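Worksheet: the structure to be examined is printed underneath.
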Amino acid sequence: MKLIVNPSQNLTGRVTLPGDKSISHRALLLGAMADGVTTARNWLNAGVTARMVDCVRALGIAVNIEPTGPGRATLTVHGRGLAGFQPPAEPLFCGGSATTMRFLMGLLATQPFTAVVDGHAGLRRRPMERIAQPLRQMGATIETTDGHAPLTITGARLAGIEYEMPVASAQLQTALLLAALGAEGPVTLRQPGPARDHTLRMLRGMGAELTDAGGVITFNPVGFRLQPLDFTVPGDMSAAAFLLVTALTTPGSTIELAGVNTNFTRTGLLDMLQAMGGAIKLNGAREQAGEPVADLRVQAGPLAGVEVCGEVVVRMIDEFPVFTVAALHAAGQTLVRDAAELRLKESDRIAVVVEEFGKLGAAITAHPDGFAISGPQQLHGGQVRSHRDHRLAMSLAVAGLSATEPVVIDDADELHESFPGFVETLQTLGADIRWQG
Ligand code: S3P
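Heads up, the sequence shown is in my numbering, so the first residue is 1183 and it goes up one at a time.
Following this line, the structure appears as C-alpha cells:
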C-alpha cells in the first residue's frame, strides 16, 4: 500500500505509545519458558511479534492475544517450563524478524529435538553465525546456510560457557541467556559496551540472580526455574523516536508522549537530539515493570549538527533512519561513525537512507561505518520506497511532513511490522497523511 504524506504544521496533542518491541518479544518467549501463566498488558501486537507468536504456538505453547487498541493487546502465555515444548511439525518461519530468529536459536539449543528456522529474503541476508558459534560451543548442533538462515538446530543438554562477545548485541546476549536456562553450569558473558538490558531486568523479575559488573554478566542457572510475570509493558522509545523527530521538525508543533521507556540503554537518540538543541523535557519519571519510564514534551525549534560515535551508537541503533531527518534539518555538519552494524539491519540502512532521502533532494555522504550530512537541507516531494524496512518507511513519512510537496511511499504497510498505529497517531496530532490503494 502507498502512504501519501502532505506538508503539515502545528501538530499538537498527547499520545501513548504501543508497548516496547524488545520487552514484548522477551515477555512472550520468557513467559513460554516459565512455570505458569504470564500476562503482559500494552503488549506490542504487530507483525514482528505475530511471527514470534506463531513460532511459540508451533512449539506447543498456548498463547492468547486480546487486542486492546491499534498495535496493542493483552498477552497471556501458558508456560510449562523448559520441558513443555514440542517439536514443530513445520519449519518455524520468522518473516523479517531477526529478534524472533535469534531468540529462538537460544531456546531451541536447549531442546531435545531438531527444528528448522527460516525467514523471508531480507532476514536470510542477516548474520546468524554470531549466535550459532557460541551455542555450538555450549553443545548445540546448528547448521547455517553460509552463515545465514535457513538454520537447522538440534538442542542438547548444554554446558556453561565463558564468552567474549564480539559485538555489543542484545540479541546475542539474550540468545545466550536463554540457552543458559538449559545449561548445566554457569555462564559468563563479556559485553564490549552497553546493549539494551531488558533481558537481565526481566530475568531478575522472574526470580533469577544475575550480576552485571561493567559489562561482565554472570548467571548460574543450575536448579533455577523461571517464575511467570504479570505486568504492563512500557511505551516503546523506538516508536516514540518517530514522534520526537516529527515534533522537532514539523513547524509549530508541540507533542506530549506519555509513559515512554527511558532505560539508559535506549535513550541514545534522545541524548543526541538534546545535544542538537532539541526542546525535549522529561516529566513524571517513575518505574514500571522494573524499567524507568517518563512523559516527554517536545517542541519544534532549530537544531544544530552533531557528531554521533562510540557507545551512544548502540543506544540508538534502531533510530538512525529517523535521526537522518533531524540531521537534515540541523544547521552545520552531522557525522555518524562507528555504525557499520547499520548495514546488517532490516535493510542496509546506510545505503537505503542515501538512496531514498536522495530521491527527495537530500545530499548524504555514505561512509563504510556511517554517513555525513551538511545542513540544513530543505527536502522536496517525490516517490520513495520502504525496501521492506518498517523504520525506513516511517522515517520517510516523518520527512514528508516538512517537505515542500507531497511524499508518496510505496510498500509503506511494512510499518505494521513494529508500529501499526503510526498513521492514525499522526492523524490525531493533525498531520495530513493517508493510505492510498
Ligand atoms: C534488539 C536488539 C537490537 C535491535 C533490535 C532489537 C533486541 O539488535 O536492533 O531491533 O530486542 O534485543 P542487535 O542486538 O542485533 O543490535
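C-beta: ideal position from N, C-alpha, C; glycine also.
None of these values were measured; they are calculated from a predicted model.
Taking the alpha-carbon positions, what's the residue i to residue j distance?
{"i": "Gly1540", "j": "Ser1556", "result": "13 Å"}
{"i": "Lys1184", "j": "Gly1612", "result": "20 Å"}
{"i": "Asp1418", "j": "Asp1328", "result": "34 Å"}
{"i": "His1569", "j": "Val1534", "result": "8 Å"}
{"i": "Arg1531", "j": "Leu1305", "result": "14 Å"}
{"i": "Leu1210", "j": "Thr1586", "result": "43 Å"}
{"i": "Gly1487", "j": "His1330", "result": "37 Å"}
{"i": "Leu1286", "j": "Leu1608", "result": "34 Å"}
{"i": "Ala1440", "j": "Asp1202", "result": "13 Å"}
{"i": "Arg1314", "j": "Gly1514", "result": "According to the sequence displayed, residue 1314 carries Ala and not Arg. Between Ala1314 and Gly1514, the C-alpha separation is close to 43 Å."}
{"i": "Ala1362", "j": "Gln1191", "result": "51 Å"}
{"i": "Gln1560", "j": "Gly1288", "result": "46 Å"}
{"i": "Ala1548", "j": "Val1536", "result": "7 Å"}
{"i": "Trp1617", "j": "Ala1341", "result": "52 Å"}
{"i": "Met1388", "j": "Thr1370", "result": "19 Å"}
{"i": "Thr1436", "j": "Ala1545", "result": "28 Å"}
{"i": "Leu1485", "j": "Pro1558", "result": "9 Å"}
{"i": "Pro1474", "j": "Thr1449", "result": "11 Å"}
{"i": "Asp1500", "j": "Ser1420", "result": "7 Å"}
{"i": "Glu1311", "j": "Met1347", "result": "12 Å"}
{"i": "Val1299", "j": "Phe1502", "result": "29 Å"}
{"i": "Leu1359", "j": "Leu1510", "result": "39 Å"}
{"i": "Leu1274", "j": "Glu1325", "result": "15 Å"}
{"i": "Ile1615", "j": "Ile1186", "result": "6 Å"}
{"i": "Leu1578", "j": "Leu1317", "result": "38 Å"}
{"i": "Asp1412", "j": "Phe1505", "result": "34 Å"}
{"i": "Val1415", "j": "Asp1379", "result": "15 Å"}
{"i": "Leu1212", "j": "Ile1591", "result": "36 Å"}
Hey, quick one: how far does the alpha helix (DSSP H) through residue i stretch, first residue to last?
{"i": "Thr1431", "result": "1419 to 1431"}
{"i": "Gly1450", "result": "1450 to 1457"}
{"i": "Phe1446", "result": "Counting along the chain, Phe1446 falls outside any alpha helix (DSSP H), and DSSP gives it neither H nor E."}
{"i": "Ala1584", "result": "Before going further, note that residue 1584 is Ser rather than Ala in the sequence given. Careful: Ser1584 lies outside any alpha helix (DSSP H) and carries neither H nor E."}
{"i": "Lys1463", "result": "Where Lys1463 is concerned, there is no enclosing alpha helix (DSSP H), although the beta strand (DSSP E) it sits in stretches over 1461 to 1470."}
{"i": "Val1605", "result": "1604 to 1610"}
{"i": "Gln1319", "result": "1311 to 1320"}
{"i": "Leu1382", "result": "1380 to 1387"}
{"i": "Arg1531", "result": "1531 to 1541"}
{"i": "Val1566", "result": "No alpha helix (DSSP H) holds Val1566; the beta strand (DSSP E) holding it covers 1564 to 1567."}
As a quick exercise: from the options, pick the residue whose alpha carbon is nearest that of residue i.
{"i": "His1572", "options": "Lys1527, Gly1564, Glu1606", "result": "Lys1527"}
{"i": "Thr1296", "options": "Thr1323, Arg1525, Gly1266, Gln1559", "result": "Thr1323"}
{"i": "Leu1426", "options": "Gly1397, Asn1402, Pro1416, Leu1464", "result": "Leu1464"}
{"i": "Ser1279", "options": "Asp1551, Pro1348, Arg1307, Glu1272", "result": "Arg1307"}
{"i": "Ala1576", "options": "Phe1424, Thr1194, Leu1359", "result": "Correcting the residue identity first, residue 1576 is Met in this sequence and not Ala. Met1576 has its Cα closest to that of Phe1424, out of Phe1424, Thr1194, Leu1359."}
{"i": "Gly1405", "options": "Phe1413, Glu1391, Leu1411", "result": "Glu1391"}
{"i": "Leu1542", "options": "Ala1581, Pro1273, Gln1191", "result": "Ala1581"}
{"i": "Ile1247", "options": "Cys1237, Arg1223, Gly1619", "result": "Arg1223"}
{"i": "Pro1252", "options": "Val1197, His1260, Gly1552", "result": "Val1197"}
{"i": "Ala1244", "options": "Asp1300, Gly1389, Phe1267, Val1507", "result": "Phe1267"}
{"i": "Gly1466", "options": "Pro1273, Glu1438, Glu1606, Leu1359", "result": "Glu1438"}
{"i": "Gly1364", "options": "Glu1469, Met1320, Thr1449, Gly1229", "result": "Met1320"}
{"i": "Asp1593", "options": "Pro1602, Val1566, Asp1520", "result": "Val1566"}
{"i": "Ala1147", "options": "Gln1293, Gly1563, Glu1311, Gly1277", "result": "The displayed coordinates of the chain run from 1183 to 1619. Any statement about residue 1147 would go beyond what the structure contains."}
{"i": "Ser1204", "options": "Met1347, Ala1476, Glu1599", "result": "Glu1599"}
{"i": "Phe1604", "options": "Asn1227, Leu1517, Pro1309, Leu1290", "result": "Asn1227"}
{"i": "Val1238", "options": "Arg1262, Arg1386, Thr1610", "result": "Arg1262"}
{"i": "Asp1520", "options": "Cys1491, Thr1356, Gly1619", "result": "Cys1491"}
At what residues does the beta strand (DSSP E) containing residue i begin and finish?
{"i": "Leu1185", "result": "1184 to 1187"}
{"i": "Ile1499", "result": "Neither: Ile1499 is in no beta strand (DSSP E) and is coded neither H nor E."}
{"i": "Val1442", "result": "1436 to 1443"}
{"i": "Thr1370", "result": "1369 to 1372"}
{"i": "Thr1327", "result": "1323 to 1327"}
{"i": "Asp1477", "result": "1473 to 1481"}
{"i": "Thr1282", "result": "No beta strand (DSSP E) holds Thr1282; the alpha helix (DSSP H) holding it covers 1280 to 1290."}
{"i": "Arg1616", "result": "1615 to 1618"}
What residues match up with residue i in a beta bridge as DSSP calls it?
{"i": "Leu1257", "result": "Ala1222, Ile1247"}
{"i": "Phe1275", "result": "Asp1300"}
{"i": "Asp1394", "result": "Ile1399"}
{"i": "Arg1262", "result": "Asp1217"}
{"i": "Gln1515", "result": "Ser1556"}
{"i": "Phe1413", "result": "Ala1222"}
{"i": "Gly1201", "result": "Gly1417"}
{"i": "Ala1509", "result": "Answer is none; Ala1509 lacks a bridge partner."}
{"i": "His1549", "result": "Gly1552"}
{"i": "Ala1365", "result": "Leu1340"}
{"i": "Ala1486", "result": "Ala1513"}
{"i": "Val1590", "result": "Ile1186, Gln1565"}
{"i": "Leu1333", "result": "Val1299"}
Please confirm whether any heavy atom of ligand 2 lies closer than 7 Å to the CB of residue i.
{"i": "Thr1281", "result": "No copy of ligand 2 occurs in the structure displayed; its ligands are ligand 1 alone."}
- Item | the region 1427 to 1438 contacting the region 1215 to 1223, beta-carbon criterion three pairs below 8 Å | no
- Are the region 1391 to 1400 and the region 1368 to 1375 touching, with three or more C-beta to C-beta distances below 8 Å? yes
- Query: Do three or more CB pairs link the region 1440 to 1459 to the region 1252 to 1262 at distances below 8 Å?
  - Reply: no
- Query: Three or more C-beta pairs closer than 8 Å, one from the region 1450 to 1460 and one from the region 1469 to 1484: is that the case here?
  - Reply: yes
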